[in-house]
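Student: If you're matching positions, the sequence shown starts at 897 in the numbering used here and goes up one per residue. Quick reminder that beta carbons are idealized off the backbone N, C-alpha and C, glycines included.
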Amino acid sequence: MNATPPPLSNSPIVAAFVARTPGSAAAYAKAREIFPGGVTHDTRYVRPHPLSIVRAAGARKWDVDGNEYVDYFGGHGALILGHAHPEVAARIAEQAAKGTHYGASHPLELRWGELVRELVPSAEMVRFTNSGTEATLMALRLARAATGRPKLLRLRGHFHGWHDHMAFGVTNHFDGTPTPGVLEGLASNVVLADPNDAAGLVALLEEHGPQIAAAILEPTGSTYGQVPLRPEFVRLLREETAKRGILLIFDEVVTGFRVALGGAQQALGIRPDLTTLAKILAGGLPGGAVVGRRDVMELLDPERAAARGIEKIPHQGTFNANPLSAAAGVATLEILKSTDAIARAHAYAAQLREGMNAVLAEAGVPWAVYGTHTGFHVFTNPRRLPGIGPHAFDPFAFGYEDLKVPRGAQGPTKLALAMRVHGVDIMPWPGGTVSAAHGPAELDRTLEAFRRSVRMLKDEGEIR
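#1: Helix or strand or just coil, what does DSSP make of N898?
#2: Starting from the C-beta of G971, find all residues in its chain whose C-beta is less than 7 Å away, skip the five residues before and the five after it, and write them out in chain order.
#3: Where does I1209 fall in DSSP's three states?
#4: State the start and end residues of the unbroken beta strand (DSSP E) segment that holds M1021.
#5: At 3 residues or longer, what runs of the beta strand (DSSP E) sit wholly inside the stretch 1061 to 1099?
#6: For the stretch 976 to 1013, list the alpha helix (DSSP H) runs that are entirely contained and at least 4 residues long, ordered along the chain.
#7: Using DSSP with H/G/I as helix, E/B as strand and the rest coil, what is P908?
#8: Kindly indicate which residue of P1076, A1223 and V1016 has the alpha-carbon position closest to the one of T1172.
#9: Per DSSP, F1146 forms a beta bridge with which residues?
#10: How big is the Cα-Cα spacing for A1138 and L1144?
#11: Within a Cβ cutoff of 6 Å, which residues of the same chain sit near I949, ignoring the five residues on either side of it in sequence?
#12: Would you call N1026 buried or exposed, if buried means 16 or more other Cβ atoms sit within 10 Å of its Cβ?
#13: Please go through the same chain and pick out, in chain order, the residues whose beta-carbon is closer than 8 Å to the beta-carbon of R1249, but skip the five residues on each side of it.
#14: Please report the straight-line C-alpha distance between P908 and F1346, rounded to a whole angstrom.
#15: Find out if the Cβ-Cβ distance for the pair N1092, L1049 is shorter than 8 Å.
#16: In the DSSP assignment, find the alpha helix (DSSP H) that holds L1132 and state where it starts and stops.
#17: May I have a chain-ordered list of the beta strand (DSSP E) segments no shorter than 3 residues that lie completely inside the stretch 1181 to 1268?
#18: What does V1274 pair with, by DSSP beta-bridge criteria?
#19: List the endpoints of the continuous alpha helix (DSSP H) containing I1166.
#20: Is there contact here, the stretch 1157 to 1173 with the stretch 1115 to 1133, by at least three beta-carbon pairs under 8 Å?
#21: Along the chain, where does the beta strand (DSSP E) containing L1049 start, and where does it finish?
#22: Mind reading off the beta-carbon distance from A1094 to I1142? Whole number of angstroms is fine, and I expect it under 8 Å.
#23: How is the beta strand (DSSP E) around V966 delimited, first residue to last?
#24: Hey, would you say Y968 sits closer than 8 Å to V1330, going by beta carbons?
#25: Can you tell which of Q1247, I1238 and P1286 has its C-alpha closest to the C-alpha of G1260?
#26: Please list the terminal residues of the continuous beta strand (DSSP E) segment that includes G1328.
#27: In its own chain, which residues sit with a C-beta less than 7 Å from the C-beta of G1158, not counting the 5 before and 5 after it?
#28: Look at the alpha carbon of A1000 and the alpha carbon of P932, and state the distance between them as a whole number of angstroms.
#29: Is it buried or exposed for L1079, if we count other Cβ within 10 angstroms and need 16 for buried?
#30: According to the Cβ coordinates, are G1065 and R1052 closer than 8 Å?
#31: Taking the continuous beta strand (DSSP E) assigned at I949, which residues delimit it?
#32: Just mark F1129 as buried or exposed, buried being the case when its beta carbon has 16 or more other beta carbons within 10 Å.
#33: Look at the alpha carbon of N1216 and the alpha carbon of F1024, and state the distance between them as a whole number of angstroms.
#34: According to the neighbour-count rule (16 or more other Cβ atoms, all chains shown, within 10 Å of its Cβ), is N898 buried or exposed?
Below you can see the structure in the form of structure tokens.
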């Protein structure tokens, strides 16, 4: 069951945040009358109130009170080039002047699809959607239609959107029981496996394999590697699914064009049957895609499906491949293809993790900062385990219950609030993603903010 986040205790950190952000507090009070919980995305729900942002550029953003922040939300991971990249913004403006929606095919969607096919190893064919949730929903339907099987294999803790197939086993209901509004019959056709448990995976496949249509996973681990996956586990899954005629789906909504130009599948050297994409794909505007094997994707083709004696899978979507998203997506992918933007983001993230760990070592704090590629995660050692240190930390030695911070947990939330007090916005579980727009000035400011935040937490007794 989801527990209501406990109220934050009165503290200097909370008081400092509230004093600094009265405009955000006022906006939140109004939002609570309009939106459930006062937010339009669960991740933005942070007590005592979320930030209300009015503009952003590069690696920074500004709130309604005029406070400036180094940003590590990055549009929920969609902005590897940073906010308002000049070329991407210019392409959007140019297209907006020509029309935002034609209700017809157009040249930009062709160029967008060509780039996806060129860059993503598994992309024999492409179908655009409006979001990552839509993409994973379509991928599952394709897999069931292609195999004639009812079941789905998922990994506990992995997030694939909010539709019914995915609404349990992510942050709660790890026993596979459905969350409210989800049919029992649907939940009973989902098999949940533990990440990195090779023996358990094979046993589940032996038991359920003939009924499983697809296995879906975040290939670097849940929450962009907060609970990382061993590459050998992913390879085992590829081998075992191939033997059993089970389609392997890589959810690269986060990792696509971020782990590498061709996504995690390029970095791992593993070719899935289907891949779902979004975020970076559309350059900061709404957009997603399902890509993969031609024989599976052709189930969306009226003529080719009919030629195989198969009923076509219907798929509509008013804004699929709309010209604005296509313009932003084309611009972004062309920049990533022709520059070192991804490599620069990787290098900055490595410096950031190293610098944050140095801060922890200086302060004698038994935490650690870890991650790969463009991500970072702060392990706050919730069980006060001995022997934890910033330069001697192996996330593979820990289970989901240690690495996956409960939403609303007081210590990590206070860390995020303290960082905001000092002009840095990180995700509250805590961690973030970096972009190619982050540079030396952002690094220095972030490390100083982290140093001051750790000091505040120690003063409040949150770190012992």
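Tutor: Taking the definition as stated:
#1: With a pLDDT of 46 at N898, under the threshold of 50, the modelled position of this residue cannot be trusted; read the value that follows with caution. DSSP places N898 in coil when its eight states are reduced to three.
#2: G1180
#3: coil
#4: M1021 to T1025
#5: 1086 to 1089
#6: 982 to 994
#7: helix
#8: Nearest C-alpha to T1172: V1016.
#9: L1113 and T1171
#10: 8 Å
#11: K957 and D959
#12: buried
#13: V1265, Y1266, G1267 and F1272
#14: 16 Å
#15: no
#16: For L1132, the enclosing alpha helix (DSSP H) stretches over residues P1127 to K1139.
#17: 1184 to 1188 and 1264 to 1266
#18: V1265
#19: Counting along the chain, I1166 falls outside any alpha helix (DSSP H), and DSSP gives it neither H nor E.
#20: yes
#21: K1047 to L1051
#22: The pair is not a contact, with the Cβ atoms about 16 Å apart (cut-off 8 Å).
#23: E964 to D967
#24: yes
#25: A check of alpha carbon separations from G1260 across Q1247, I1238 and P1286 identifies P1286 as the nearest.
#26: Bounds of the beta strand (DSSP E) holding G1328 are G1327 to T1329.
#27: L1015, V1016 and P1017
#28: When only Cα atoms are considered, A1000 and P932 end up about 36 Å apart.
#29: exposed
#30: yes
#31: I949 to A953
#32: buried
#33: 6 Å
#34: The pLDDT assigned to N898 is 46, lower than 50, so where the model puts this residue is not dependable; a value taken from the coordinates is nonetheless given after this. Under this definition N898 is an exposed residue.
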